[in-house]
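S.K.: Sequential numbering from 535 applies to the sequence shown in my numbering.
Think of the CB as a built atom: it goes at the ideal place given N, C-alpha and C, for glycine as much as any other residue.
Submitted below is the structure of interest, expressed as structure tokens.
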Amino acid sequence: MIKESRGQISFEYMMIFTISLVILIVFTLPLTEESIKSTMDISDVLNAKSDLSKISQAIKEVYGEGQGSKHTVKLHVSKKIKVNVAENHISSTIPLKNNQNKNIYEHFNSNLEKTSLVLGEGENIIVVEWPVNSNCMIIYQKYY
């Protein structure tokens with residue numbers, strides 16, 4: 535009879551432990567999922583900001599060097615994004631997992647005309663150029 539009692543107590547402890555573990559998982563799994571989504575959003579925004587910064591730096595260099603200069607920027611993009619180029623800034627809107635959008639801006643001085651570029655997933659080549667005898671710089675995507 536004593537052996538049965540010990541077995542019963544062990545079984546009860548295992549049941550309590552199992553139920554506690556299930557309750558813990560039920561409450562923490564959704565929180566973990568939200569944390570992962572937030573982390574992925576931050577990663578996407580930082581990657582896009584880095585890409586815009588590289589393009590912005592090329593624009594600043596071409597503008598500083600003057601007519602006849604040209605810079606090529608190679609970008610590896612994980613998600614398709616649209617880049618808007620204006621005379622004094624470059625911007626993009628990144629969709630977040632919570633159905634909101636994050637606008638990203640990089641400012642610079644230039645004489646670019648307003649345009650936009652669509653960076654596809656994978657490698658993209660962006661060319662920033664100020665042709666000789668031209669008043670305006672140009673920016674375009676090179677396809678290979």
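In this structure, does DSSP put Pro564 in helix, strand or coil?
M.R.: Three-state DSSP puts Pro564 in a helix.
S.K.: Reducing DSSP to helix, strand and coil, say where Asn645 ends up.
M.R.: In this structure, Asn645 counts as coil in the three-state DSSP scheme.
S.K.: In whole angstroms, what separates the C-alpha of Asn645 from that of Asn667?
M.R.: Their Cα atoms are separated by approximately 14 Å.
S.K.: Do you know how far the Cα of Leu653 is from the Cα of Tyr639?
M.R.: Distance between the alpha carbons of Tyr639 and Leu653 is about 16 Å.
S.K.: Smallest Cα separation from Lys613: which of Thr552, Ile543, Glu657 and Phe561?
M.R.: Residue Glu657 is the option with its Cα nearest to Lys613.
S.K.: Helix, strand or coil: how does DSSP classify Lys588 here?
M.R.: Helix, per DSSP.
S.K.: Taking Cβ to Cβ, would you say Ile589 is nearer than 8 Å to Val611?
M.R.: Result no, Cβ atoms of Ile589 and Val611 do not sit closer than 8 Å.
S.K.: Using the Cα positions of Ile628 and Gly602, report the straight-line distance between them to the nearest angstrom.
M.R.: Between Ile628 and Gly602, the C-alpha separation is close to 34 Å.
S.K.: Name the DSSP beta bridge partners of Ile615, please?
M.R.: Ile615 is bridged to Leu653.
S.K.: What would DSSP say about Gln675, mapped onto helix, strand or coil?
M.R.: Here Gln675 sits in strand by DSSP.
S.K.: Measuring straight from C-alpha to C-alpha, what distance separates Ser572 and Pro564?
M.R.: Distance between the alpha carbons of Ser572 and Pro564 is about 12 Å.
S.K.: Within a Cβ cutoff of 6 Å, which residues of the same chain sit near Leu651, ignoring the five residues on either side of it in sequence?
M.R.: Excluding positions up to five away in sequence, the list reads Val617 and Gln675.
S.K.: Can you check which of these residues, Val661, Leu555 and Pro665, is closest to Ala592 by C-alpha distance?
M.R.: Measuring from the Cα of Ala592, the nearest candidate turns out to be Val661.
S.K.: Helix, strand or coil, according to DSSP, for Asn511 in the structure here?
M.R.: A question about residue 511 goes unanswered here, because the residues of the chain that appear run from 535 up to 678.
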